Amino acid sequence: MNRKSEQQATAMPVSTAEIVREYAPLGSGGDIGGVTYDGRDVWAAAGSRVIALDPASGEIVRSLDCAAHAGTAFDGKHLYQIVEARIDKIDPATGDVLASIPAPGQGGDSGLTWAEGSLWVGHYRERKIYQIDPNNGAVLRTIESNRYVTGVTWMDGELWHGTWEGDESELRRIDAHTGEVRERLAMPAGTNVSGLEYDGADLFYCGGGPTGKIRAVRAPRRAAG
Amino acid sequence: MDSLIAAAGRALAVGDALGALKLVALREDPPALALRGIAMAQLGDYPRARDLLRQAARGFGPREERARARCVVAEAEVALAMRELGGAPRTLTEAGAALAARGDLANAWQAQLIAVRRLLLLGRLDEAGAALAALDASALPPALAAVAELATAELALRSLRTATARAALQRAAAAAAHAQVRALQAEVEEARVSLSRPAARLIHGGHEQPLRLDEVEALLASDALVVDACRRGLRNGAARQPLARRPVLFALLRALAEGYPGDVERNALIARVFRTRKPDDTHRARLRVEMGRLRKTIAAMAEIEATPEGYALKPRGGGKVAVLAPPIDGEQASLQALLADGAAWSTSALAQALGDSQRTVQRALAELEAAGRVRSIGRARAQRWLAPSLAGFATILLLPAALPAE
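Sequence lines, in order, name chains Z and E. Going by our numbering, the first sequence opens with residue 1, and the numbers climb by one from there. Going by our numbering, the second sequence opens with residue 226, and the numbers climb by one from there.
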């Protein structure tokens, strides 16, 4: 990223993310990669399986045996999961892999979300977000950020992504056309973001990486209308 | 962290180095370089591993201090496996502190343990002991606890505290079993077996008897006057008189002790200590002088009486007299017995202690080194000799802990 946008980013006001609740489905160990939300349960990639967590009770209610290394998404019917250098389309009822497309970052991919008929993929160290065709993996658009991109999600037409650069993590709203940073929520020290999903109401779910935790963070309130 | 790094990290954690390499072999970004380095280390290519880890450490940005520090720790561990002990320990200390400050305690402990093992390998036992004492073994995860207990056992054995060593090895075995690291379990087992091998011979009243290390410890703790031909000195309970720098006096003392309670003829002493079968007056005069020196040196523990035929040893306490000899005779066994104290010896000090020429000692050391039974550090005049460490420490198996997924 160029210096100008870095300056713009640092000029943006930063508020501190408010962690509403912390889930520890994997205890204090194990990796949480991507997270997604199907309207009822929070799904999370946990290395060799994808787990579903009931956000009310904090219990693991489902567990699918399938490789899951990074971002996870849900299109209303199927799960999408980044595995090695591809994206698997998974039937959440059975855990069967229905189809696979190549991941745009060739394995450097991190976050994944579904919106408007497209998949949105974060390319971690390239600091990019791609919009891809879920049928063949073709890249439709590339958005540049200026931090390492982990999770990506859409919140009411706004594109948000998690950053995890070294020891610092933030949630950022960026302009989906220019990549300009519009809003920043800093995660408290020691809490890194490995996946991000908006629940459609007032929460972000954030994967906690190697801590094996999932955190619910209050989404910023918007003026009515 | 991205998808392939996560997948490769998982492969490494279960020991599938080739699987991990397949995933990241063509990538040059720092996390991939670090994983490739660890994989190469697991495959035994240490020089390449060190290169990759160095490149990775350089590549991480200023915000990625934790990842950089992990690479430094992993590189230090590879250097230890290569037995390259010249690296700056300060870099390792700083990396450990950086990790601790960022809450990565497991890797900070790992850094501290690498420092302890380095000191052990260098024969700097006091410093190793102090560094080890600074670690809280009960807080360590099992694999690291096993390593810490192995180091404790080694320190205890070097100073002949076999009960402490045995207890530490027991804890090490439990921790290694808990960690489920096979190679670590094997190392602990080997160290335990070595405890029950004969460590010395007791020569007493004309008889010989092999002793295990704990029996040696019991003998040294008894009120017997022990002429220790392993470490070259005279011991009586807590009192000790080192004689490693006085080879002639020690040879005389040992001859007297083997003759105890009788006396030993002058000519026999001359033949044994001065190595001549044709004694003349100069030899007898020299024997008198050396006997006078020995008498003065060991006065606190024993007297030496002149008899019509020769000399006799009279322990002050009136108790037993025993000679503790290396388990087998010969140059090499004597060298190994001396090195068993874990300290770093120079060739000249070893030659002096054994009363041999440096050339003879050097030859024996070279043969022992080729057989892996001694090791050396430094070059030329700075070269020092040490016993091999009791446990090799399954270095490479601990490495994945140095780089858990970021």
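For each residue, glycine too, the CB sits at the ideal point set by N, CA and C. Predicted model, so just to flag it, every value in this text is computed and none were measured.
Per DSSP, E:P314 has no beta bridge partner at all. For the C-beta of Z:G166, the chain E residues within less than 8 Å are, from N- to C-terminus, F285, G286, P287, R288, E289, E290, R291, A292. Take the alpha-carbon of E:G597 and the one of E:A510: they are about 44 Å apart.
The beta-carbon separation of E:A245 and E:A233, rounded to 4 Å, stays under the 8 Å limit for a contact. Beyond the five residues adjoining it in sequence on each side, Z:S63 comes within less than 7 Å, by CB distance, of R49, I51 in the same chain, given in chain order.
DSSP lists Z:E158 as the bridge partner or partners of Z:M155.
DSSP places E:W334 inside the alpha helix (DSSP H), whose first and last residues are 330-346. The residue from E:D227, E:T389, E:R584, E:L369 with its alpha-carbon nearest to that of E:P255 is E:D227. Separation of the CB atoms of Z:T72 and Z:G195 is rounded to 7 Å, and the pair is thereby assigned contact status at 8 Å. In the structure shown, Z:T16 adopts extended strand secondary structure according to DSSP, grouped into three states. Chain Z has no Cβ within less than 9 Å of the Cβ of E:P314. At least one CB of chain Z lies nearer than 9 Å to the CB of E:S228. With 16 or more other Cβ atoms from the protein chains shown falling within 10 Å of its own Cβ, Z:T36 counts as buried. Cβ-Cβ distances below 6 Å link E:F475 to R457, L468 in the same chain, with the five nearest sequence neighbours on each side left out; the list follows chain order. It is roughly 11 Å from the alpha-carbon of Z:G105 to the alpha-carbon of Z:I82.
Here E:A424 carries a strand assignment [DSSP, helix/strand/coil]. In the three-state scheme derived from DSSP, where H, G and I count as helix and E and B as strand, E:E253 is classed as coil. Judged by DSSP in its simplified three-state form, Z:Q106 adopts coil rather than helix or strand. In this structure, E:A449 lies away from E:L436, with their beta-carbon atoms at least 9 Å apart. With a cutoff of 9 Å on beta-carbon distance, Z:V149 and Z:R184 are scored as not near each other.
In the three-state DSSP reduction, E:P540 falls in the strand class (E or B). In this structure, DSSP gives E:A525 a state outside helix and strand, which the three-state scheme calls coil. Counting only residues of its own chain and dropping the five nearest sequence neighbours on each side, E:R417 has a CB closer than 6 Å to the CB of L394. Two segments are said to touch when three or more pairs of C-beta atoms, one from each, lie closer than 8 Å; by this definition the segment 113-121 of chain Z touches the segment 73-92 of chain Z. Counting only residues of its own chain and dropping the five nearest sequence neighbours on each side, E:A496 has a CB closer than 8 Å to the CB of R502, P504. The beta carbon of E:A397 is closer than 6 Å to those of A371, E374, L375, V413 in its chain, skipping five residues each way along the sequence.
Of the candidates E:K545, E:K539, E:Q410, E:E289, the residue whose Cα lies closest to the Cα of E:G430 is E:K545. Taking C-alpha positions only, E:L438 is separated from E:A320 by approximately 39 Å. With contact defined as three or more Cβ pairs closer than 8 Å, the segment 93-107 of chain Z and the segment 193-209 of chain Z are not in contact. Here Z:I87 carries a strand assignment [DSSP, helix/strand/coil]. Chain Z has no Cβ within less than 9 Å of the Cβ of E:G321. Burial check for E:E530: the Cβ neighbour count within 10 Å stays below 16, so the residue is exposed.
Residues A323, R327 of the same chain have their beta carbon placed closer than 8 Å to that of E:E290, with the five preceding and five following residues left out of the count. By the rule that beta-carbons nearer than 9 Å mark a contact, Z:R184 does not touch chain E. Relative to E:T522, the option among E:G262, E:P533, E:V548, E:L477 whose CA is nearest is E:L477. The DSSP-derived three-state label of Z:A99 is strand.
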